[in-house]
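In what follows, a structure is listed as structure tokens, so that the remarks can point back to it.
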Amino acid sequence: MAKRVITKIGDIFSVELDNGNKKYFQYIANDLTQLNSDVIRSYKKEYSKEVQPDYSELLSGEIDFHAHTMINVGVKQNLFIQEGKHSVYPESGNILFRDTNDAGHAPGKHQVYISEDWFVWKISDDNFKKVGKLKGENRNAEIGIVMPPFAIAERIKTGKFNFVYPDFE
5 MAKRVITKIG
15 DIFSVELDNG
25 NKKYFQYIAN
35 DLTQLNSDVI
45 RSYKKEYSKE
55 VQPDYSELLS
65 GEIDFHAHTM
75 INVGVKQNLF
85 IQEGKHSVYP
95 ESGNILFRDT
105 NDAGHAPGKH
115 QVYISEDWFV
125 WKISDDNFKK
135 VGKLKGENRN
145 AEIGIVMPPF
155 AIAERIKTGK
165 FNFVYPDFE
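Sequential numbering of the sequence shown, starting at 5, is according to the working numbering.
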């Protein structure tokens, strides 16, 4: 029987890079507005696989991105390694996410590459705000769809998501 994966807010996970080093992310929240999915904060700094980073130093480092995913599935798929736990810092309440109904396309319809029909929200805020074109601080919003674990691992490894999603410019 498969081992049950138990995750809690504050848990820290690593993703092994193609060069054998690691990058880390922290489980920082659940977003009730996005299928109660796990919200992660991924960090830019790369560590040698032989080094156990100081978590206080890691979490005060440069943030790469935030995303929604299913951490327990990524652990079961051996994409994420559960490493430790630390209090969440900085707070997660002001992270801005974006989405558009232009993502994907139906048969016979063309793919939208640049959307002008965006909405934004913050974690567990069911007040999605329709903004049209992304302007000002909304241009910094993260893609807010729930990502499969392999897409998270790919973003951590390469800096890009491996799927087509509309842009805003």
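Quick reminder that beta carbons are idealized off the backbone N, C-alpha and C, glycines included.
Buried versus exposed call for residue i [16 or more other C-beta atoms within 10 Å across all chains shown]
i	result
Gln38	buried
Asp35	buried
Arg159	buried
Tyr28	buried
Ser52	exposed
Arg143	exposed
Arg8	exposed
Ser41	buried
Ala145	buried
Option in the options with minimal Cα separation from residue i
i	options	result
Gly65	Lys164, Val92, Ala110	Val92
Val19	Asn105, Thr162, Glu141, Asp58	Thr162
Lys139	Leu83, Glu50, Phe123	Phe123
Thr104	Phe172, Leu83, Arg45, Asn23	Phe172
His70	Phe167, Gln115, Glu95, Ala107	Glu95
Tyr31	Gly24, Asn23, Glu54, Val79	Val79
Gly136	Lys48, Ile118, Glu61, Gln56	Ile118
Gly88	Asn23, Gln56, Val77	Gln56
Asp121	Ala107, Asp130, Leu63	Ala107
Lys59	Asn25, Gly24, Asp15	The sequence given here has Tyr at residue 59, not Lys. The residue with the shortest Cα to Cα distance from Tyr59 is Asp15.
Glu54	Asn25, Gln86, Pro111, Ala110	Asn25
Val168	Asp130, His109, Gly97	His109
Test item: CB-CB of residue i and residue j under 9 angstroms
i	j	result
Val43	Ile156	no
Phe17	Ile75	yes
Ala33	Ile10	no
Asp68	Ser46	yes
Ile125	Lys113	The residue you asked about is not Ile; residue 125 is Trp in the sequence shown. Their beta carbons are not under 9 angstroms apart, which means Trp125 does not touch Lys113 by this criterion.
CB contact below 9 angstroms: residue i versus chain D
i	result
Ser46	No chain D is present in this structure, which holds just one protein chain.
Anticipated Cβ contact below 8 angstroms, residue i with residue j, distance rounded
i	j	result
Gly148	Phe101	3 angstroms
Gln81	Pro153	6 angstroms
Met151	His72	6 angstroms
Original post:
Quick one: complete alpha helix (DSSP H) runs, 4+ long, within the stretch 76-101?
Top reply: Runs found: none.
Subject >> Uninterrupted beta strand (DSSP E) stretches inside the stretch 114-146 (no shorter than 3 residues) >> reply: Counting only runs of 3 or more, we get 122-126, 133-136.
Subject >> Those runs of the alpha helix (DSSP H) which lie wholly inside the stretch 6-64 and span at least 4 residues >> reply: Taken in chain order, the unbroken stretches of alpha helix (DSSP H) that lie wholly in the stretch 6-64 and span 4 residues or more are 59-63.
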